[in-house]
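Peer 1:
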Amino acid sequence: MQKRVTGPPLIGSFEKIRDAKGLTDDETVSWLMKWIRNSAAVIASGDEYAVALYDEYNQQPMDAQPTLTDDEVLAVIDYIRSYEPPVAEGPAATSAGGDAFPSKTILLILAVVLILIALILSRVTNALGRIQAEKEGRKVAPEKPFYQTRKFATLVIIGVTAVFFWWLSTRAIDLQRQQGYEPDQPIWFSHKIHAGINQIDCKYCHVGVERGKQATIPSVNICMNCHRSIRSGPVTGSNELAKVFAAAGYDTIQQTYSLESTGPIEWIRVHNLPDHVYFNHQQHVKVGKIECQTCHGPVEEMDVLKQHAPLSMGWCMDCHRTEDVKVAENRLYYNQHYEHPEGMTVEMIGGTECQKCHY
Amino acid sequence: MSKVSLLMSEFKHTVWQSIEEFEDSKLAEQHAQNEFLEELPLLQDMGSLPESNRRDFLKYLGFSVSAAALAACEMPVNKSIPFVDRPEEMIPGVANYYASTFWDGSQYCSILVKTRDGRPIKIEGNRMSGITSGKTSAIVQGSVLGLYDLGRIRQPMQGKNPITWDDADAAIRSSLQDAEAGGKKIVLLSNTIISPSTKALIEDFKTKYPTTEHVTYDAVSYDAMLDANERSFGTRSLPSYHFDKAWTIVGFDADFLGTWLSPVEFATQYATNRKLDEKDPKISRHIQFESLLTITGASADTRVPVAPLDGMRALQALHNEIASLAGGEQIPSVPASPEVKEAAKELWASQGQSIVVCGYANPMFQEVCNRINNMLGNYGQTMIPANSHLRQGGSVQALEEDLDKGNVGVLLMADCNPAYDRPSVDISKAAMSVSFATSFNESAIASTYCCPSHHFLESWNDAEPRSGEYSLQQPTIRPLFNTRQWQDSLLSWMRDEAVSPAEPALDTNAVAVDSVVVDSVGVATAPTAANTYYSYVKNYWAVNITTEWDSALHNGVFILGSGGTEAPAFREAGALTINLNPSSGNELVLYQKVAIGSGNHSDNPWLQEMPDPISRATWDNYVTISQSEAKEKGWKLGRIVKVTADNGYSVELPLLLVPGQAKGTYGIACGYGRAATGKPNLDDIGANAFGFGTSGSIMGVTVELTGEKRKLAQTQTHHVLSSKGRLKDRTIIREGTMDNLDGLYGFIKHTRDEFKHLNEQTIYKGFKHKYEDGHHWKMSIDLGSCIGCGACTIACQAENNVPVVGRREVQRGHEMHWIRIDRYYSGDNTENPDVVFQPMLCQHCDNAPCENVCPVSATNHSSEGLNQMAYNRCVGTRYCANNCPYKVRRFNWFDYLGADVFPSNIHDPFDMAEDLSRMVLNPDVTVRARGVMEKCSFCVQRIQSGKLQAKAQGRPLADGDIETACMSACPTHAITFGDSNDRDSKVNELLDQKRNYFVIEEVNTDPSIGYLAKVRNRTREEELEQKGYLQEHGQHNEHHG
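Listed in order, the protein sequences are those of chains A and B.
Once you know that position 192 of the first sequence is 201 in our numbering, the rest is easy, because the numbers rise by one and skip nothing.
Once you know that position 709 of the second sequence is 727 in our numbering, the rest is easy, because the numbers rise by one and skip nothing.
Okay, structure coming up:
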């Protein structure tokens, strides 16, 4: 609200108008009613403030809003008057306090207490045994410190082995997974600039996403659709775009293409699936109507593309178990599963079966 | 004896798979019980492993754990390389199909080539073709592998030395000019050429070099037939056949469903009238007189085993029988046998709707055959004279003489391999010889220059298989190597100057394998200059055929219409003089195998490993002998015999005993014994039979034991469902006759009701999953239509990345085919048993025994009724295979295709794991690593993509949207796949037929594949006699009553 042209700087605008025109609050409100409903009429009536404002913004007319009711206009005015800029949220300090005591902690404390009791009890039985033995006059071996006992050694070995296998299994599960993978690409291409700031639809460049298995990395001719005109970028200037022109064989001065000097751009693939997994973009994007961001994360905020999801089978399954099939929107599903027109998850039609993805 | 038990006894035939089983069922039983043919481990193949103990085990364990941990640190960096300028029709990951033509000199097929990211990976039939109707054969399916053949010649060569095209062109051009100037002959030797453009080009070449002579021959000769047709019709060409219009078919040693003339076309036509419609039961009648047991004879209603000589006499007798009915002229003959009389009667009853074909390499008998067809009025009805262009070859005798006299200046060899199949042609006697071979062969090695031609999937061409019916061949990939289509070579040599570099570089541009990038489809970059063969073809079409090039290219086929030329009339060219030598002992019959043909596919590992439909043998040829004759002589399977002919040629091959082969005949398949395929492991498989002759039979051979033996790699006794003793009581094969259909229906219903009752006795009542929601995939296989040709096996291999294992592994029962065709003999008759083919694949049982025993749930059931196999979950216990009653599960004993991370697991005798060979793999199907189980998936990748296509278009799935690879390849429509929850689907209709039964339904597996019982068009009496029951009929009934 503070920036120009996102509407005039609105904060404090009510007061500004009131003071500039020397009106009361009510009069200001009625003036604003007229101004908002039809600004052109106010300007035409020769209102001094209105004409000045109109000139200030290069005479851009504001759309007339004749359909707004009084209440709606009042609500807007009210919102502007009572607006407070949001305070950057600090760490949510209070959130933990009211919560129930975490069950894990209880269990942990309980475990520690029990282990302590077990230890104490074992010492006690040990001591009692010794006393008994002494009473009976049997010979007693000198007491060893606990860390030299067999039991302790066994416990340590079991513990170390358990930790090792836990580590090994987690590493093994993570094999070939690369969540957070963020390789340097041959061209400093920013999704933030293209998809974020310039709001280019993902499907404009990734043309295969609705038609086939692969979303497809755009061919260089797609880049050239825009970059024939846009010769330099906001961050890297013309350095990076020169690589695109080189790949397309485009001569920026002559504005001609040459077939001889072309060469594909060797992008580094970020999202890799193992060979035994079959994934199809068409199924998910065109049929399932899943947003790209659901799996790829906030790409429009990434300068360098990063793998957002783990792409693990468990992660796939989580979604297949909860996501509803768009039954009513697709004749195939509708004909096959007319008994469950809504609320049918992917799992319910076999979406978690092995051979839906592994064949 | 109740009525039911009478019924039962009549339809419970003895079925058996091998002679051993027939004679000693105990041994076979033992064999069947042994799931894995050899004991574990397979140490002999792993070299000498050191003795290991517990300590070593721990050491290896520790090592492998740390190796795995280390390996985890290294993630490979994958690159994603997009097009610079993506062709509009290409979306990475989406397959494109291009219409093209298969012609290998003996088989024609109009095809669609499936390309993925610029690589052809699968051949489908082109449904727009009126000739092959969208169907294929094993050879056509396997041809895609030839593109990625490591034996391909990669650049022009002089002798063994690589040279450049410019040098080769200069040398050959000057030799051509010298030959021209010196009055020496330039001979272009080829197999039959069906391309009108190529023929026109050869004429142009002759204008440029007038001493040029074009000599055509066919590897397996059809000379006799062509000569006879020349006498009968005045033109040296063959008729086209229309088996779909024939209701009585009589064959004499012509394997028209397997190898004779145009098997895909004929099998498709033949099946039309062999489908039994239960509402209007009528099928054609097929009688086959033949010496060896072929798939055509196996499909016949009545099969008469006769040696070729006796067959020729039978043909004569048939002529006279028909002639006496038609009032025609008699020829010298022996009295007709009852079978011949019967055949004559039936043929006469369906005049104009019958076909008599014969495969004898004797023009006189071919003419007798023509006369029979003429008397029956078949010409113009079921046979159109002088209409087929598929065989045009003649003799090479004149060429031999020219070579001997030194008259040949330059010998050009296109699409042929004379050094192998015409050993009498001595290439070295030509002053210069040039081979255009695509892959290494005997002629390429022997010739002075080798100018390698493109593979047919890289070539432009056209074809005219029948008069006025054209098809086009287009490249589906840019040439992989520095090759040039031979027609382009001719064009280049017709120019006086060397090729200017300005010429578009498609043909001369070397593209190394490792630089083949995804944008390399040939169609997009078609050459445009006027002097390439592409433009020649296009120009030829514009002038002579049609200007609608684009639509013809899209459709692949184009019909010009009759063109106003009338078929020539039949004429009796003088009296027939028939000289039949009296039999002089053993007759050697040369035949072709369905998968190998005349030998240009014998370097194809897929086709080598495809079991022969009858003998079920792989990786070899052999001498087939009648089983009873062998028994008399005391000869056993695998004993090596030496076969010597009058011309002095001899081969040594193992014996293979075939029940049903005519006594006194020996069969040897052509196409084996290739010596120079460029791949050492594929050389010298079997022995070359072309030394004996080029077709037909050879009289008076001597056959003697050598005292050695060789184990054949037969798959017959692997994966048997049961052995003879028990087969009788198990539901495996159901067969009946046309005049007793109700009996067959009644029997099937009776047994199925009984099984249903038995299967309902369960303690888990109400457990049955109904699969009512969604899809439920099922299949129906018509045993009456299946001819056993094996197209499905190879189609499945191509579609599902099924590996090749090699001879040694096949001997151990380790073959990997997901669909096999079991061949059953039926009855107690070993002289001439009935044969039934049964395609056997995973039955996707809804109560699957394999699923219950998997300890890791790697195989389980899907909600669509599929028996799923998750390879990456399988730990290889093989319990499932052991528990599968259909024996359709296959275990990867090795890593055959390079999928494993451990290089030592690989077993790759035929280089199928090389980068070049791996280009044929289907990217939608996982390549399995060592140690996992695999089996038919009902082509789940096709199911998924078919569903997705419908979903993306927002429409319900239509019946026929999804075809499995086996179904789409099958030339006889024997396999039907579909969704049984779709009430109107074809598969439902077939599963509801009265002929439908499920294999071993009694064990309550609830399979998803129904089989339609085989029905033969013959009488009950004939059936019982054929099966050897008639003489013991009373006893038989008693036994079961």
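Just so it is clear, CB atoms sit at the ideal spot from N, CA and C, and this is done for glycine as well.
1) Take residue 274 of chain B and list the residues in its own chain whose beta-carbon comes closer than 7 Å to its own, dropping the five residues that flank it on each side.
2) What residue range is occupied by the uninterrupted alpha helix (DSSP H) comprising residue 168 of chain A?
3) How far does the beta strand (DSSP E) with residue 61 of chain A in it reach, from first residue to last?
4) So with Cβ pairs under 8 Å, would you call residue 93 of chain B a contact of chain A?
5) Distance, Cα to Cα, residue 731 of chain B vs residue 976 of chain B?
6) Taking the CB atoms as reference points, tell me whether residue 128 of chain B and residue 147 of chain B lie closer together than 8 Å.
7) Taking 8 Å as the threshold (beta carbon to beta carbon), is residue 871 of chain B in contact with chain A?
8) Work out the CA separation of residue 904 of chain B and residue 838 of chain B for me, nearest whole Å.
9) From residue 216 of chain B to residue 933 of chain B, what distance separates their C-alpha atoms?
10) In terms of DSSP beta bridges, what is residue 106 of chain B paired with?
11) Count the other CB atoms, across all protein chains shown, that sit within 10 Å of the CB of residue 88 of chain A; report buried if there are 16 or more and exposed otherwise.
12) Flag residue 966 of chain B as yes if its beta-carbon sits less than 8 Å from any beta-carbon of chain A, otherwise no.
13) Exposed or buried, what is residue 33 of chain B when buried is set at 16 or more other beta-carbons lying within 10 Å of its beta-carbon?
14) Just to check my reading of the structure: residue 8 of chain B and residue 612 of chain B have Cβ atoms closer than 8 Å, yes? What is that Cβ distance to the nearest angstrom?
15) Just verifying my parser: in three-state terms, what is the DSSP assignment at residue 554 of chain B?
16) Between which residues of its own chain and residue 733 of chain B is the CB-CB distance below 6 Å, once the five residues before and five after are set aside?
17) Closest to residue 357 of chain B by CA distance: which of B:558, B:589, B:270 is it?
18) Where does residue 2 of chain B fall in DSSP's three states?
19) Using 8 Å as the threshold, is the C-beta distance between residue 623 of chain B and residue 861 of chain B below it?
20) Taking 8 Å as the CB-CB cut-off, is residue 297 of chain B touching chain A?
21) List the residues of chain A that residue 886 of chain B touches, going by C-beta distances under 7 Å, in chain order.
22) My assumption, with CB atoms under 8 Å, is that residue 4 of chain B sits in contact with residue 680 of chain B. Please give the rounded CB distance.
23) Determine which residues share a DSSP beta bridge with residue 605 of chain B and list them.
24) Is any heavy atom in the ligand GTP found nearer than 7 Å to the beta carbon of residue 448 of chain B?
25) Curious, which full-length alpha helix (DSSP H) runs of at least 4 residues does the region 264-316 of chain B contain?
26) Taking residue 6 of chain B as the reference, give the member of B:241, B:989, B:692 with the closest Cα.
27) Does any C-beta atom of chain B lie closer than 8 Å to the C-beta of residue 227 of chain A?
28) Let me know if residue 638 of chain B comes out buried or exposed under the rule of 16 or more other beta-carbons within 10 Å of its beta-carbon.
29) Answer yes or no: does any C-beta atom of chain B fall closer than 8 Å to that of residue 359 of chain A?
30) Rounded to the nearest angstrom, what separates residue 79 of chain A and residue 73 of chain A at their Cα positions?
31) If we ignore side chains and look at the alpha-carbon of each, how far apart do residue 506 of chain B and residue 474 of chain B end up?
32) Who are the Cβ neighbours of residue 47 of chain A in its own chain at under 6 Å, not counting the five residues just before and after it?
33) Considering just the uninterrupted stretch of the beta strand (DSSP E) at residue 117 of chain B, what are its terminal residues?
34) Assuming residue 651 of chain B is part of the alpha helix (DSSP H), what are its boundary residues?
35) List the endpoints of the continuous beta strand (DSSP E) containing residue 488 of chain B.
36) Report the residue from B:411, B:307, B:847, B:770 whose alpha carbon sits nearest the alpha carbon of residue 1046 of chain B.
Peer 2: According to the structure shown:
1) Translated into the one-based positions of the second sequence, residue 274 of chain B becomes position 256. Same-chain partners within the cutoff: 281, 284, 314, 375.
2) Within the first sequence, residue 168 of chain A is the residue found at index 159, counting from 1. Residues 159-183.
3) Counted from its first residue, the first sequence places residue 61 of chain A at position 52. Per DSSP, residue 61 of chain A belongs to no beta strand (DSSP E); it is in the alpha helix (DSSP H), 57-65.
4) Here residue 93 of chain B is taken as the residue at index 75 of the second sequence, counted from 1. Contact of residue 93 of chain B with chain A is assigned, a C-beta pair being separated by under 8 Å.
5) Taking the second sequence and counting its residues from 1, one reaches residue 731 of chain B at position 713. Taking the second sequence and counting its residues from 1, one reaches residue 976 of chain B at position 958. So the alpha carbons of these two residues sit roughly 43 Å apart.
6) For the purposes of this step, residue 128 of chain B is taken as residue 110 along the second sequence, with counting starting at 1. For the purposes of this step, residue 147 of chain B is taken as residue 129 along the second sequence, with counting starting at 1. In contact: residue 128 of chain B and residue 147 of chain B (Cβ atoms closer than 8 Å).
7) Against the second sequence, residue 871 of chain B aligns to sequence position 853. Not closer than 8 Å to any Cβ of chain A, the Cβ of residue 871 of chain B fails to qualify, so no.
8) Reading the second sequence from its first residue, position 820 is the one you call residue 838 of chain B. Reading the second sequence from its first residue, position 886 is the one you call residue 904 of chain B. If you take the alpha carbons of residue 838 of chain B and residue 904 of chain B, they lie about 11 Å apart.
9) Here residue 216 of chain B refers to the residue found at position 198 of the second sequence. Here residue 933 of chain B refers to the residue found at position 915 of the second sequence. Between residue 216 of chain B and residue 933 of chain B, the C-alpha separation is close to 34 Å.
10) Stepping through the second sequence from its first residue, residue 106 of chain B is reached at position 88. The partner list for residue 106 of chain B (beta bridge, DSSP) is empty, contrary to what the question assumes.
11) Sequence index remark: in the first sequence, residue 88 of chain A carries index 79 (1-based). Residue 88 of chain A is exposed by the Cβ-count criterion.
12) By 1-based counting over the second sequence, the position of residue 966 of chain B is 948. Yes, its Cβ sits closer than 8 Å to a Cβ of chain A.
13) Residue mapping note: residue 33 of chain B aligns to position 15 of the second sequence, counting from 1. Residue 33 of chain B should be labelled buried.
14) What is shown of chain B runs 19 to 1059, which leaves residue 8 of chain B out entirely.
15) What you label residue 554 of chain B is simply residue 536 of the second sequence in a count that begins at 1. Residue 554 of chain B: helix per DSSP, three-state reduction.
16) Stepping through the second sequence from its first residue, residue 733 of chain B is reached at position 715. So the list reads 629, 634, 833, once near-sequence residues are dropped.
17) Taking the first residue of the second sequence as position 1, residue 357 of chain B is located at position 339. Residue nearest to residue 357 of chain B within the set B:558, B:589, B:270 is B:270 (criterion: CA-CA distance).
18) Within the shown structure, residues of chain B are numbered from 19 to 1059, placing residue 2 of chain B beyond reach of any answer.
19) Within the second sequence, numbered from 1, the residue matching residue 623 of chain B stands at position 605. Within the second sequence, numbered from 1, the residue matching residue 861 of chain B stands at position 843. In this structure, residue 861 of chain B does not lie closer than 8 Å to residue 623 of chain B by Cβ.
20) Translated into positions along the second sequence, residue 297 of chain B becomes position 279. Chain A, which has no Cβ nearer than 8 Å to the Cβ of residue 297 of chain B, makes this no.
21) Locating residue 886 of chain B in the second sequence gives position 868, counting from the first residue. Chain A residues near residue 886 of chain B: 362, 363, 364.
22) Because chain B is modelled from 19 through 1059, residue 4 of chain B falls outside the range shown and cannot be assessed.
23) Here the question's residue 605 of chain B lines up with position 587 in the second sequence. Looking at the DSSP assignment, residue 605 of chain B forms a beta bridge with B:683, B:717.
24) With respect to the ligand GTP, the structure offers nothing, as it holds no ligand at all.
25) 281-290
26) Not covered by the structure: residue 6 of chain B. The range shown for chain B is 19 to 1059.
27) Counting from 1 along the first sequence, the entry for residue 227 of chain A is found at position 218. So, interface residue.
28) Here residue 638 of chain B is taken as the residue at index 620 of the second sequence, counted from 1. Buried is the call here.
29) For the purposes of this step, residue 359 of chain A is taken as residue 350 along the first sequence, with counting starting at 1. With 8 Å as the cut-off, residue 359 of chain A counts as an interface residue toward chain B.
30) Translated into the one-based positions of the first sequence, residue 79 of chain A becomes position 70. Translated into the one-based positions of the first sequence, residue 73 of chain A becomes position 64. For residue 79 of chain A and residue 73 of chain A, the distance between alpha carbons rounds to 15 Å.
31) By one-based count along the second sequence, residue 506 of chain B stands at place 488. By one-based count along the second sequence, residue 474 of chain B stands at place 456. One C-alpha to the other measures close to 14 Å.
32) To locate residue 47 of chain A, count along the first sequence from 1; it is residue 38. Hits under 6 Å: 73.
33) As a working mapping, residue 117 of chain B is identified with position 99 in the second sequence. First-last of the beta strand (DSSP E) with residue 117 of chain B: 114-121.
34) As a first step, residue 651 of chain B must be located in the second sequence, where it is residue number 633. Counting along the chain, the alpha helix (DSSP H) containing residue 651 of chain B begins and ends at 645-651.
35) On the second sequence, position 470 is the one that residue 488 of chain B refers to. Counting along the chain, the beta strand (DSSP E) containing residue 488 of chain B begins and ends at 487-491.
36) For this step, residue 1046 of chain B is matched to residue 1028 along the second sequence. The option with the nearest alpha carbon to residue 1046 of chain B is B:847.
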